[in-house]
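Residue numbers (my numbering), protein chains in the order written: chain A, 2 to 392; chain B, 2 to 392.
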């Protein structure tokens, strides 16, 4: 006989999932009701309004996809791309590469604009590509590259896309609630995010939003969307109607309770306050890590406060450090991914996990483990540097 | 400011979601851990074994898709169908039609074998189609049609498929744990189910399983799977490997806790006992409903015990009855779907919700509401008929 699974208690400071707020776990476990229950329909309406608030948009087509962030990415490309269409995809990390995969699997062509892993997307390169490819239909880029901890200038990139009459498609999986994001003001046409990052909700849902311009393109497609499950023309009959809701698929009822609660918490805090909190805790973490003798893989101006790509002296056995943090402190930090595998740690300070307690825990635990492995550093000095930021 | 959402307490006896066992809701709310945490990886291994147990299979490629049942359906077709291939799709309800949609969106051709809504798939019609279309690659059918409450003879249909050298693709969304299902013994090549039916788990996941023959077809595809998110070639690197797990997408950690718990409960009860329990409660419900003067839309030999398509006298305002059940008893039963909309109720007795208490509640509440709406029936007699079945 198999036993029930009782997970160990961790502090999640990797690239996501981040620690889930206990209020959200409690909401998640409320009794399931039907996906066509009038009470559930009212909750869905609130959820759309809350997502519009978080995205800063009035887009009607703003909903949570019933699957993780990579399905949100696929939802955006599968709905917008028709076979034979050309898109410019900016890649400066793992997730830009995944965008290319998606474009190609939808029958489109991806013109790649590449920057180094660890650098932001270069607007000049994008503009050159836009000039060379006047037939491009859209520009796609990752706002917050979870694989490298880099923030690109979404406003500038979207403005360029608009100048060259392209739709702007933005990956905001790690962005939402962590750093400023203005879907309407920046002219973003299609955007997807995740719930398990700065919303501190459970993994498994992907909020998406489409501008009226993007929605019109979907409505006027020549070919059917290749995914039935992700076809927004069908999903809208359930999520976006004042008339009788039509059944499409069974909504993930409890996960949507959790997302609702996480957005209620965000509304209580205020979006700007959430952005400020992420920045403050990032600065405190950075002060502590630098005092320990660690560096950043990303230039100061492009660092994501919610995901810190931390470099370390070459002689450190980075996997052993992560194992010790997990075993001795229940603390999860992330390994590098793609081109940065083995070269950085990814330390997340996302949502609920972005707090003074966690910054202190991370700096002291990391310092202790480094000392135990023979890399001398002054933990109390590092903690003092952390606390100085909060004063 | 938006308030937290507190759902009303319902008894879910519709076509799904069914009532979730409180043990599963509690498991769902356990603290989130990372999707690459060693403790989580161990849980995943158990989960695969438990799914093999529930499906009665030794298929290695047996995993939960990170999205609802309709994504499980899409996972099966997107992986197995290459452009230009022909499949025979049996349709006797709404979900057979959705299979056709999926085949076509994957670039395949669906040869339809149709039976009336409310009738099982006719093996003779299938055999005729197999003879007419020797180039067909697969046969697809719905084992338990959730839209009509009909069970088709999966063993016979799979045997036919195998005789004509076709893969057998089976929709078991409402089947799993409710009625006998033998993936290996019946020669099923690809199957998908849902968690919100007879597993009594939350909606949002779809267990799937592929036979070695089906897995080989996927591995040897000429074209890439059109969905990145559902590409089992990629998913296997995370779920089905003894080597280092590679990141594909962030697993829906908490939902997987819930699925694990629901399968632990199923293992404790035993699969045969679960089938017997569903049958017994169905007989009791049927006795009570017939005593109230209601009928069944499906012939006795083809009725699903877990989903009862109930017919009623024409003069009844069926929507008013459902509204009264919900408002006065917190009891959800389902409306008809597709060709049976307005003609039947769909009363589910699925998983945890399939119990003596619910059968009594449903018969007495329905009788009381019918009386209140002027349709005379003898509730105490009906309850006596229910109880007679349990003696």
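In this text, a Cβ means the ideal position worked out from N, Cα and C, and glycines have one as well. Computed from a predicted structure; not experimentally measured.
Item to check | Interface partners of residue 1(A) on chain B, CB under 8 Å | outcome: In this structure chain A extends from 2 to 392, so residue 1(A) is not present and cannot be described.
Next on the checklist: Tell me the DSSP secondary structure of residue 14(B) in three-state form.
Outcome noted: Walking along the second chain from the start, residue 14(B) turns up at place 13. If DSSP states are grouped into helix, strand and coil, residue 14(B) belongs with the strands.
Checklist entry - Is there a Cβ from chain B that is less than 8 Å from the Cβ of residue 205(A)? => result Locating residue 205(A) in the first chain gives position 204, counting from the first residue. Taking Cβ atoms only, chain B reaches closer than 8 Å to residue 205(A), which makes this a yes.
Checklist entry - Is it the case that the Cβ atoms of residue 157(A) and residue 56(A) are separated by a distance below 8 Å? => result The count along the first chain starts at 1 and reaches residue 157(A) at position 156. The count along the first chain starts at 1 and reaches residue 56(A) at position 55. No, Cβ-Cβ distance for residue 157(A) and residue 56(A) is not below 8 Å.
Item to check | Under the three-state DSSP convention, the category residue 384(A) falls into | outcome: By one-based count along the first chain, residue 384(A) stands at place 383. Residue 384(A): helix per DSSP, three-state reduction.
Checklist entry - If we cut at 8 Å on Cβ distances, does residue 157(A) have a partner in chain B? => result Position 156 of the first chain, counted from the first residue, corresponds to residue 157(A). Closer than 8 Å: no.
Next on the checklist: Excluding the 5 residues flanking residue 215(B) on each side, which residues of the same chain have their C-beta closer than 7 Å to its C-beta?
Outcome noted: Within the second chain, residue 215(B) is the residue found at index 214, counting from 1. Only 81, 168, 190 and 191 meet the Cβ criterion.
Checklist entry - Between the Cα of residue 130(B) and the Cα atoms of 317(B), 101(B), 89(B) and 254(B), which residue gives the shortest distance? => result As a working mapping, residue 130(B) is identified with position 129 in the second chain. Ranking the options by Cα distance to residue 130(B), first place goes to 89(B).
Checklist entry - Rounded to the nearest angstrom, how far is the Cβ of residue 308(A) from that of residue 43(A), given a contact under 8 Å? => result The residue given as residue 308(A) occupies position 307 in the first chain. The residue given as residue 43(A) occupies position 42 in the first chain. About 35 Å; that fails the 8 Å criterion.
Next on the checklist: So, for residue 135(A): in the same chain, excluding its five sequence neighbours on each side, which residues have a beta-carbon less than 8 Å away from its beta-carbon?
Outcome noted: Here the question's residue 135(A) lines up with position 134 in the first chain. Counting only Cβ-Cβ distances below 8 Å, and skipping sequence neighbours, we find 165.
Item to check | Own chain residues within Cβ distance below 8 Å of residue 341(A), not counting five before or after | outcome: Translated into the one-based positions of the first chain, residue 341(A) becomes position 340. Answer for residue 341(A): 118, 119, 148, 149, 298 and 310, listed in chain order.
Checklist entry - Measuring CB to CB, does residue 258(B) end up less than 8 Å from residue 37(B)? => result Here residue 258(B) refers to the residue found at position 257 when the second chain is read from its first residue. Here residue 37(B) refers to the residue found at position 36 when the second chain is read from its first residue. Result no, Cβ atoms of residue 258(B) and residue 37(B) do not sit closer than 8 Å.
Checklist entry - If residue 205(B) sits next to residue 205(A), beta carbons under 8 Å apart, how far is it from one beta carbon to the other, in whole angstroms? => result Position 204 of the second chain holds residue 205(B). Position 204 of the first chain holds residue 205(A). The Cβ separation is near 7 Å, so the contact holds.
Next on the checklist: Taking the alpha helix (DSSP H) that residue 165(A) belongs to, which residues open and close that run?
Outcome noted: In the first chain, counting from the first residue as 1, residue 165(A) sits at position 164. Unbroken run through residue 165(A): none, as it is neither H nor E.
Checklist entry - By the 10 Å Cβ neighbour count, where 16 or more other Cβ atoms means buried, how is residue 203(B) classified, buried or exposed? => result The count along the second chain starts at 1 and reaches residue 203(B) at position 202. Buried.
Item to check | Any chain B beta carbon closer than 8 Å to residue 330(A) | outcome: On the first chain, position 329 is the one that residue 330(A) refers to. Judged by the 8 Å Cβ criterion, residue 330(A) is not in contact with chain B.
Item to check | Proximity winner among 226(A), 362(A) and 379(A), relative to residue 293(A) (alpha-carbon distances) | outcome: For the purposes of this step, residue 293(A) is taken as residue 292 along the first chain, with counting starting at 1. Per the Cα distances, 379(A).
Item to check | Cβ-based contacts, 8 Å cut-off: residues of the stretch 235–256 of chain B near chain A | outcome: 248, 249, 250, 251, 252, 253, 254, 255 and 256
Checklist entry - Does the distance from the CB of residue 35(B) to the CB of residue 15(A) come in under 8 Å? => result In the second chain, counting from the first residue as 1, residue 35(B) sits at position 34. In the first chain, counting from the first residue as 1, residue 15(A) sits at position 14. Their beta carbons are under 8 Å apart, which means residue 35(B) touches residue 15(A) by this criterion.
Checklist entry - For residue 316(B), does the count of other Cβ atoms within 10 angstroms reach 16, so buried, or fall short, so exposed? => result Residue numbering aside, residue 316(B) sits at position 315 when the second chain is read from its first letter. The residue in question, residue 316(B), is exposed, as its Cβ has fewer than 16 Cβ neighbours within 10 Å.
Item to check | Option nearest residue 24(A) by Cα separation, candidates 282(B), 25(B) and 33(B) | outcome: To locate residue 24(A), count along the first chain from 1; it is residue 23. Of the listed residues, the one whose Cα sits closest to residue 24(A) is 33(B).
Item to check | Interface residues of chain B facing residue 70(A) [CB-CB closer than 8 Å] | outcome: Position 69 of the first chain holds residue 70(A). Those within 8 Å of residue 70(A) in chain B are 250 and 251.
Item to check | Residue burial classification, residue 196(A) (beta-carbon count within 10 angstroms, cutoff 16) | outcome: Locating residue 196(A) in the first chain gives position 195, counting from the first residue. Buried, by the Cβ-count rule.
Next on the checklist: Classify residue 84(A): buried if its beta carbon has 16 or more other beta carbons within 10 angstroms, exposed otherwise.
Outcome noted: Counting from one through the first chain, the residue named residue 84(A) turns up at place 83. Residue 84(A) is exposed by the Cβ-count criterion.
Item to check | chain B within 8 Å of residue 333(A), Cβ atoms only | outcome: In the first chain, the residue the question calls residue 333(A) occupies position 332. Closer than 8 Å: yes.
Checklist entry - Does the separation of the CB atoms of residue 76(B) and residue 209(B) fall below 8 Å? => result For the purposes of this step, residue 76(B) is taken as the residue at position 75 of the second chain. For the purposes of this step, residue 209(B) is taken as the residue at position 208 of the second chain. It is a contact, given that the beta carbons lie within the stated cut-off.
Checklist entry - Along chain A, which residues have their Cβ under 8 Å away from the Cβ of residue 44(B)? => result Working through the second chain from its first residue, we reach residue 44(B) at position 43. Those are 6 and 8, listed as they occur along chain A.
Item to check | Neighbour list for residue 53(A) in chain B, Cβ cutoff strictly below 9 Å | outcome: Your numbering for residue 53(A) matches position 52 in the first chain. Under the 9 Å cutoff, chain B gives no residues; its nearest Cβ is about 12 Å from residue 53(A).
Next on the checklist: As a quick exercise: from 228(A), 194(A) and 220(A), pick the residue whose alpha carbon is nearest that of residue 108(B).
Outcome noted: Sequence index remark: in the second chain, residue 108(B) carries index 107 (1-based). Of 228(A), 194(A) and 220(A), the residue nearest in Cα terms is 228(A).
Checklist entry - Which of helix, strand or coil does DSSP assign to residue 152(B)? => result Here residue 152(B) refers to the residue found at position 151 when the second chain is read from its first residue. Three-state DSSP puts residue 152(B) in a strand.
Item to check | Limits of the unbroken alpha helix (DSSP H) element including residue 266(A) | outcome: Locating residue 266(A) in the first chain gives position 265, counting from the first residue. It spans 254–270 - the alpha helix (DSSP H) in which residue 266(A) sits, taken as one unbroken run.
Checklist entry - Nearest to residue 48(B) by CA position, among 283(B), 326(B), 268(B) and 281(B), is which residue? => result For the purposes of this step, residue 48(B) is identified with residue 47 of the second chain, where counting begins at 1. Of 283(B), 326(B), 268(B) and 281(B), the residue nearest in Cα terms is 268(B).
Next on the checklist: Just to confirm the assignment: which complete beta strand (DSSP E) runs, minimum length 3, are found wholly within the stretch 195–233 of chain A?
Outcome noted: 207–211
Checklist entry - Going along chain B in order, which residues have a C-beta closer than 9 Å to the C-beta of residue 268(A)? => result What you label residue 268(A) is simply residue 267 of the first chain in a count that begins at 1. Residues of chain B passing the Cβ test: 2 and 3.
Checklist entry - Are the stretch 275–282 of chain A and the stretch 366–381 of chain A touching, with three or more C-beta to C-beta distances below 8 Å? => result no
Checklist entry - Should residue 384(B) and residue 356(B) be called a contact, given that it needs their Cβ atoms to be closer than 8 Å? => result Translated into positions along the second chain, residue 384(B) becomes position 383. Translated into positions along the second chain, residue 356(B) becomes position 355. Not in contact: residue 384(B) and residue 356(B) (Cβ atoms no closer than 8 Å).
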